[in-house]
Each structure stands twice: as structure tokens, then as C-alpha cells.
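Chains as they are written, first to last, in the working numbering: chain C, 8 to 325; chain V, 409 to 1075; chain Z, 3 to 222.
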């Protein structure tokens, strides 16, 4: 009985992240437009885009291989699994013990690995440019993320996301310096990983400024829809992760009653809205960096995260 | 058990000279490789029985030094490494059934191959210093013969020369290490060395000598210079053995000396090991990203993985010195599991490179491309190998990296300040090298197998022999199996960590749903099987849902390329272009990488030239000055060749007088 | 001892270290001056918090001095100097940003180890604040060493002084007299340096210290 109960909750979480992801991106786009004194597209426009893409035929280049056709499904599966493992309205999810935060980062890493291969598959200059820049950004963002995980795991005593969320929600966590450093570093990494200004412009169609867009240039139809959905899911994942680790109020415990769970859902939606608003504000206020300033930016995140871990190693009260 | 293993090894030694005769006929090749395959499988079985059964067996043969004999033994540590070595050897032999057809001079390869296998097994079986060192040298010599098998290429002769130099240097260091441990009594049997551990100062010297000696064979920076020259020069199945298996024999040597024979470790022992490992990991993968030769990339990637193993070994040493035996078991399990995993996927990758070389005749990445269409099965298994080495779940590379990170998370409990500062930095370098390894293998796979062919050789390649693909497929299947069911591997490793680190990890086979729980469930756990099933289910639900509810039509068209398609394959990215961002970010610091472009003046029709210049810091700061010094010293000493008779006599007289003085002054 | 007061004090001291890192990262002079102003504001908050928890009203005056002089007056003055010297568009790193930040991490680690070992018996809050303060001092010195432009070196010097103030307030009981005298001497030094910068610029047309080296004359 408890097994079915847990299974239902895990399934509900998976469905919730899938349904909310396009809405979050639509919200971010709407806020950005409003800040620029435009009306902007409707909030549900991403859903309409996905529906439109799904209906269309796929047009493949003549020399696209079987790998090119399989990769959208792989990327979508890896990102969806990763997004389902982050506690949103309730911790203690059924599959949370199958993969901890390190495995989650590795899952996102495998999605990125295959997307870069997709960029190389057709053999164009754009795909190469996107893939090579993406792996350069990843080569700094992934270690920074790993050091952030270390710092938080050393405070919370675990790498399991449910345990970490529960610890952050308890009164034992103080206002620690390492947490502050970790938060700044995590925000920088999240911006880099989701291809947001100042690292990459998600709305660009200029070749020299593309990273993510260049890799998926040859995709069309339902393949493109899956990759877009995976991108939305990744943004949702990072906002949920920041909310779960640094603003965990409202996440129901594993034994929560329906009222607490409803409150959890409401608070989660509110956190997503707040995160989306702040992201839109930040993107509007700052200009995109040159590609070769991005390593300095991410290097700063790596240094901050390394400092956070170092402080934890040196003394328990940091 | 050890007697059976010795019979198998003896059979291999008999096969070696027999192969000289067999290599004359084309049917000789399957015989040699088939017998090697069978004998390797016999050795795997014997070692597995010994490891699982927990027995230790000894044997003393009347060979070698008359007052010593030759001692052989299988204990948990050598049983595990025997499994690793012989699994690799079996896979390489199976691969060579097909690949060996392309060998131009089988008489230069076939006799030395069984000898090489025999030598590696003898190193693992030895239980006294003399047989260990003789087998070690034999291993170096037989692999040297294989490296210079294609002796007409000048690069191979230079590679062989450097290899021989470094191998000799390594054996010298190990000789001194064993000598220090044998002590004044001079008893070379391992049991005697174990019973009388050296004093603190001598033990420190033993650690450094073992690190230098075994490390040079394993490929630690800065003693790695021979590895990227020698490993690519040998035939591909031998490269698979050298990278995947011989480096692990060197790791075995290090573990045997430092963890077993040298006694209890001091608190600072782990520091040089961790520093060497972390620097090796980062430098190895950065070197790999700069290379154009496919096999050289794989050789440098071996260096990176050996760095990871040594970081984990250093952590185990630190925990052992601090009496944290469970943490030591965790770190040691991470190291040994990575040893096993790396031997599997590196053999797979080298076999794939061999298949590519045999089909296209090219090792240069800039001449390959589009092979996924021409060699689909090789491309598939090579993809599995690339994914495994980039530590992607649910394959096996991720499990050992995860365990290493868990070991790092336990290390704040260590009491030494130096370690407290060093370990976060080592962890950052480990994470950096993992991310760069992913970049490196996206580059290798993307340039070699994807895209459009950059030369005719790649455009008209044929698929390799069926049996080679079967060998690679078996390796890929084992990689997936170890990634999905890591608990079994951890339980099998338990007797080894018990022997070496003094404790074992918690029993994994009883855990719910076959997860692995290194410390306690609330702290961390990982379930490869469920992650795999989860991903497969999500992917299939997505695919099914979309194909049913939306469209499933496909049309083929021209390449989009933003509306500017160019038919020439030169316009796609090359290996150097792919590595350019990383070369600029990391290479300008580590390699003094500079890009030099010469533009012709306006209105000139001359082509522009572009060169990316990379300096190897280790050659420039270590080997070149050493080379210069040795040349200088030998020139000065050359004077001794041309003395008069009177001078020679005075030299002899002076030596005699000095010895008599020493004798007189001896207290 | 994990009360909220402990944590907030730590957080403010840690923020000072982070802002020092931001100074190392920034290589444009006008933005650097803004970050120095932020450095001074964080120092003000930290000193004010220490005044609150130690119940030492004279530290409020220290905080006010820091705010008035270091967060407002000095940055305004520096901005005017920079604009009048015409160097507000130059970039001035000697070593790359990455190397400077790596060195910064090493210095923070060093100061942690030194301070925590040397003061093993003292009050935990004071020890760790001292460790952060030493880090800020060392990072200020690093800035002075890795910059070419005289104005950036002045800012490095002043962040160093901020670190000293942090150390003094954390150690419970810096008399007001010391603080006022230190602040005045810094102000005088600042005015003198400003005057000299103008004179140097008039004579030699540059304030780049490496270029100035050439005018040093023959060595004896």
C-alpha cells in the first residue's frame, strides 16, 4: 500500500514538472517583454510552439545518422529523470535514493554529451561551433557544480536531495558563509548551464553568439520539440534546485497530510514565479559577455565554490 | 590454485617460441590467439575461485637464485589483479582473431604476444623480490619487442628507445625499494619483508622509490613521457593490453609495496600520492585534447585515469594512517573498481581504434569522419566505450567516480591540516578532469565517427571482421553490466580491501533493489539499475506517446546550415578547431599555447597560414635539461677513453689506495 | 555556538572576503571604485553588527566614519581623479584573472590555517573573524602586487586597511582614538598621493608604474 502511495507521488511529481516547465519559460519571456515595454507573447505560447512542432514532419539532412534521430529521446529522458528527482512540493520521493545530487549532475552531463554529439553529426561549421563552446563551458561549470555539491553535502551531511532539503528546512542550519558562497556560485552555474544572458542568448539567431542554438540547428519537427522541452525542463530543474536547497520552506515531509501537500504545491509555484521574475530582471539588466570572458565568469564560480568547500574542511562552523 | 595458474603460465611460455614456427603459416595466427584466449580464461577462472573462496595458496619452485628459489602465491590482491589482467588479455586475443589478419609481419608479433601475457601474470604471482623484478623486466622487454614490431617507421624506433630507458629507470627504482625493505639480512621473500617492516626514514624512501618506479610504468606525470610514444606504436591489440592492463600491473606493484610490505603508513605519506595523482589527471586529459592521433589521445586518457586511481589510493593511505579503516576501505574500493572499469573500457576503445586503423589505414583524426555510416557496429560499441570513459550513468565509469567523490566527502575528519587543504583542491582537479574527459571524447567520437568523411580512406572504409566486433561487444556488455549491478563488484572486492586496508565496505548484495550504499542509506546511495530502467522507460514513453499522438513522418532533405550549405567536408569542424576554446582557456596557462596566423598582404593571392603552437611543459622543464646535462657529463667523461697507459695505471693505483684507506679507517 | 548573531557576523566577514575577490576579478577602474565603495559598505555593516553584539557604542562611530569617508568621500574623490587623469578606459592586470583568483584562494587557505592554529584557545567567533580579516589584508596586498595602475594600487592599500579595521573590531576593544588616528592618517596619505599623481601625470604623461620605472635614473 505504501509502495503504491509513493509510486503515485513520484508519478505526480514527474507530471507536475513536465507540465510546469513550458509555463516557467513562458513566464520568463513575458516578464522580459514587459520590462522592455512590450506586450510579449502569451504565457501559454511555449505549449503552442511544442504542439505545432510535434505535428510537423521531421526533415533530416541526407547524412544524418541513426544517432541523430535517437539523441532527442535520450536527452529528453535524461533531463526528465533528473528533474523528477528534485523535491518540489514533497521530499522523500520514491526514487530519490536511486540517484543523489552527484548522479543528477552526471545525468545532466550525459544529456549535454549527447547533444554535443548531435551538433557534430551532420558535419557543419555551426554544429561544431556550438559543440566546442558547449564543452568548454561545461568543463568549468561541471567542476563548479561538483564543488557546490561538496560544500552543501559537507554541511548537510548527505548527498541525497531529500535529506539535504530536510536539513535545510530544519533549525540546525545557520546562516553559514559556505552557503552564501554556494548560492552565488550555484546561480552563476545555473545561468551558464541554461544558456541564459550573460553566457548565451536563448533568443539569438546570430551565428557568432550561439552556443546551444547552434548545436540544435539541424533539428526539426518532433525532435526539435523534444529538445525544446528538455531545455524548459532543465531551467525548471535548476530553479527548483535553488529553491529546494536555499529556500526549502513549504516542502512537505515524507509523512505530510494533504493540506501540507497542497500548501507545498502552492509555495513551489510561488517560488518558481519568483525565480522566473528574478531571472528575467537579471537578463534584462545585464549585457551578454564575449565568449572568452565566460571562462573567467565560470572560473569565479569555481573559485567561490572551492572556497566554500575549503572553509568547510577547515572548520565546522563555517 | 597457484599451481594451476603456474601451469597455464608455463603453457604460455611454451607457446611463445612455438609461435615462431606457427607464424609462417596463415593458420598459425588463430592457433596462437586461440590458445592465448583459452589460457587467459583458465587464469581468470583460477583467480576467481581463489578470490571468492578466500583461499591463499603458495608454491616454491627451484628456479632462479639457488639460495632463494622462486616463490609464488595467490592472495586476494593478486587474485583480483589476475582477473583484471586476464579479462583484458582474453578480450584482446579474441579481437586479434580478426585484427591479426591485417598484420604485415606476424613473425614479429606472434612470438612475443604469449610471452608478454606470461610475464604480466608472473609479476602478479610472484611472492619474492627476485622473481617479481625478473618478471617485471621480462614484461618490459616483451612489450618493447611488440612496440618496435613495425620497425620501419622511425617514430616507432624512437618510441622503443624512450620506452626502454624509462622501463630500466623504473626497474632500478623498484630494485632499490626492495633492497631497502630486505634490509641488512637480505631476505627477499615477501613474507619476510612483511614481518620486518622498515624504520620510518627508510619506509619514506621506499614510498618515494615505489611511487617513482611503479608510477613511471603506470604513467604518472612527469614520468609519463614514454607512454604516449610507445602505446600508439604497438599493434592495436597490444596497445589495448599496454594501456588497459600493464598500467594496472604497475598499480598492483605500488599497492603491494606501499600498502602491504612497507608497514604502517605515516601521516604524510598520502600527500605526494594525492598531489601526483591529481596533477596527472588534469595534465593527462589536457594533453589528450591537444592531440591529432587517435591512439595518442587514448594513451593520454590512460594517464588521466591512472591519476584518478592514484588520488583514490592516496585517500586510502591517508585514512589508513589515521586509523579510519572503513573510509580506507571505501577509497580503496573506489581505486580498485576504477582499475577494473578502466581496463575494460580502455581495451574497448583501443580495439575500436585498431578497427578504424585497419579499415581506413588512418590514425589521424583530421583524415577520418562519417565512419558511423561505413562501420555502424564498430561505431556503436565505440560510443559505449566513450560514454563509459566520460563517466556517464548508468555505465561503469560513473560508479567508480561516484565512490571516489564519496571518499572525498568523508575526508574532513582527517586531522592533518595539509591534507585538509589539499583534498578539496584534489577534488576540484578530479571534477575538472572528469568534465574535460567528456569534452575529449565528444571530440574524438564527433570527429572520427560523425560528420562527413574528410578523406577518401574514411569515405570508402569497410566494416571490420565479425569476431573483432564480437570481442568489442562483449567488453561493452560487461561495462553496462558493471554499471547496472555495481553491488556485486563491490562485494567481490571485499576480501581485497580487507587485506590491504584492514576493513571492508558494508555488504551490498542484500540492499533493497540492488542499490549501493557506501556508508549509510540516509547519507548517499546510488542504484544503477533503476536509473537505467527509469531512463529507458521515460525515453520509450516519450517516443511511444509522440509517435502515436503526433506525427511520425520523416523526410530527407539537404543540410540546412542556416541556408549556406557547403558541400566541401573541409568546412566542418576539425579536431584542432574543436579543441580551440579549451586550448585557449587552459592551454595558454599549461602549454603556453599560442595561435600564429600569417596573413598575406592585401591583393595577394597567397594563402594565409595558421599554426597552433603547443609546448610540452614536462619535456621543456625536465627532460630537455636532463638530456642536456647527460650530454654535457658524457662529453666531459669521454676524456677517459683517450688516456695514456701511464694515466690508466695511475687510476687503478689510486682506486686501490683509496679502498685500502677506507679499510684502514673503518671503525 | 551557532546562534544567529554568530552566523550573521560570520556572513558579513565572509562577504568582505567575497567583495575582495570581486575587486581582484574586476579590471576596469571605474567599476573597481564602485566595488571598493561596496567593500566599505560591507565593512560598515560588519562593524555596526559587532557594535550591536558587543554592546560597544564607540564602534558605531567607527562604522559611521567608515561609511562617510570610505564609502562616500574617497570613492567620489577617486572617481574625479580618474576622470581628470583620463585613465578611465584602461584595463590594467599584470597576471591573468584566473591566476590572480587562484593565488587569492591560496592566500585565504593560508590565512585560515595560520590563524586557526595560532589562536587555538581564543573565543571561536573572534578566531574566525581574525582569519577572515587576515585574508582581506592578504588579498589587498595581492591586489597591490598584481596591478599596474597607481589608482588600483591605492584601492588595494585601502582594502588592506579595511581588513585591519575588521580585525580590530573583531578582537573586542579597539579604542576610538586609534580608529580616528588611523582614519586621519589614511586620509592624509590619500590626499598626498592624489597630489603626487597629478604632478606625476603632468611631468610624465602617464601613471603607469612600469613606465615610470624607466625614469628612475641610473643605479649607483
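All C-beta atoms in this analysis are idealised placements derived from N, C-alpha and C, irrespective of residue type, glycine included.
Using the beta-carbon of each residue, which ones in chain V are nearer than 9 angstroms to residue i?
| i | result |
| --- | --- |
| residue 225 of chain C | 967, 968, 969 |
Straight-line CA distance for residue i to residue j?
| i | j | result |
| --- | --- | --- |
| residue 807 of chain V | residue 893 of chain V | 10 angstroms |
| residue 126 of chain Z | residue 158 of chain Z | 28 angstroms |
| residue 189 of chain Z | residue 314 of chain C | 33 angstroms |
| residue 884 of chain V | residue 252 of chain C | 37 angstroms |
| residue 1001 of chain V | residue 105 of chain Z | 21 angstroms |
| residue 412 of chain V | residue 467 of chain V | 11 angstroms |
| residue 288 of chain C | residue 45 of chain C | 14 angstroms |
| residue 891 of chain V | residue 105 of chain C | 13 angstroms |
| residue 486 of chain V | residue 740 of chain V | 15 angstroms |
| residue 199 of chain C | residue 640 of chain V | 37 angstroms |
| residue 291 of chain C | residue 35 of chain Z | 24 angstroms |
| residue 140 of chain C | residue 434 of chain V | 50 angstroms |
| residue 492 of chain V | residue 685 of chain V | 21 angstroms |
| residue 1070 of chain V | residue 495 of chain V | 55 angstroms |
| residue 3 of chain Z | residue 10 of chain C | Any reading at residue 3 of chain Z is ruled out, since the residue's pLDDT is 45, under 50, leaving its predicted position unreliable. |
Can you find a C-beta in chain C that's less than 8 angstroms from the C-beta of residue i?
| i | result |
| --- | --- |
| residue 810 of chain V | yes |
| residue 800 of chain V | yes |
| residue 463 of chain V | no |
| residue 494 of chain V | no |
Quick check: does the Cβ of residue i come within less than 7 angstroms of any heavy atom belonging to the ligand PLP?
| i | result |
| --- | --- |
| residue 811 of chain V | Absence of the ligand PLP is noted for the structure shown, with no ligands found whatsoever. |
Would you kindly report the start and end of the unbroken alpha helix (DSSP H) that includes residue i?
| i | result |
| --- | --- |
| residue 1006 of chain V | First-last for residue 1006 of chain V: 1002-1006, but that is the beta strand (DSSP E), not the alpha helix (DSSP H). |
| residue 230 of chain C | 228-253 |
| residue 849 of chain V | 825-856 |
| residue 954 of chain V | 936-957 |
| residue 31 of chain Z | 31-56 |
For chain V, find out if any of its Cβ atoms is closer than 8 angstroms to the Cβ of residue i; answer yes or no.
| i | result |
| --- | --- |
| residue 205 of chain C | no |
| residue 3 of chain Z | In this predicted model, residue 3 of chain Z has a pLDDT of only 45, less than 50, meaning its place in the structure is not dependable enough to derive any value. |
Give me the chain V residues within the contact set of residue i, using Cβ-Cβ distance strictly less than 7 angstroms, ordered along the chain.
| i | result |
| --- | --- |
| residue 97 of chain Z | None at all; the shortest Cβ gap to chain V is about 10 angstroms. |
Any beta carbon of chain D sitting closer than 8 angstroms to that of residue i?
| i | result |
| --- | --- |
| residue 12 of chain Z | Within the model displayed, chain D is absent; protein chains C, V and Z are what it includes. |
Quick one: which chain Z residues come within Cβ less than 9 angstroms of residue i?
| i | result |
| --- | --- |
| residue 634 of chain V | Under the 9 angstroms cutoff, chain Z gives no residues; its nearest Cβ is about 31 angstroms from residue 634 of chain V. |
Would you please verify whether the beta carbon of residue i is less than 8 angstroms from any beta carbon of chain Z?
| i | result |
| --- | --- |
| residue 829 of chain V | yes |
| residue 153 of chain C | no |
| residue 4 of chain C | Residue 4 of chain C lies beyond the stretch modelled for chain C, which goes from 8 to 325, so this question has no answer here. |
| residue 1051 of chain V | no |
| residue 307 of chain C | yes |
| residue 164 of chain C | no |
| residue 171 of chain C | no |
Give the residues of chain Z in contact with residue i, contact being defined as C-beta atoms less than 8 angstroms apart.
| i | result |
| --- | --- |
| residue 825 of chain V | 115, 119 |
| residue 310 of chain C | 23, 103, 104, 106, 107 |
Determine the closest residue to residue i out of the options, with distance taken between C-alpha atoms.
| i | options | result |
| --- | --- | --- |
| residue 5 of chain Z | C:307, C:179, C:320 | C:179 |
| residue 201 of chain C | C:154, C:167, C:291, C:148 | C:148 |
| residue 970 of chain V | C:99, C:59, C:217, C:120 | C:217 |
| residue 855 of chain V | V:977, V:448, V:539 | V:977 |
| residue 723 of chain V | V:711, V:738, V:837, V:791 | V:738 |
| residue 131 of chain C | V:754, V:772, V:777, V:671 | V:777 |
| residue 280 of chain C | C:33, C:13, C:189, C:240 | C:33 |
What residue range does the beta strand (DSSP E) around residue i cover?
| i | result |
| --- | --- |
| residue 67 of chain C | 65-68 |
| residue 1018 of chain V | 1017-1021 |
| residue 478 of chain V | 478-482 |
| residue 323 of chain C | Careful: residue 323 of chain C lies outside any beta strand (DSSP E) and carries neither H nor E. |
Which residues in chain C sit within 9 angstroms of residue i, going by Cβ to Cβ distance?
| i | result |
| --- | --- |
| residue 1 of chain Z | Outside the shown range of chain Z (3 to 222) lies residue 1 of chain Z, about which nothing can therefore be said. |
So which residues of chain C does residue i contact, with C-beta pairs closer than 7 angstroms?
| i | result |
| --- | --- |
| residue 9 of chain Z | 181, 182, 183 |
Cβ closer than 8 angstroms: which chain C residues qualify as neighbours of residue i?
| i | result |
| --- | --- |
| residue 100 of chain Z | 302, 303, 306 |
| residue 844 of chain V | 146 |
| residue 933 of chain V | 104, 105, 107, 167 |
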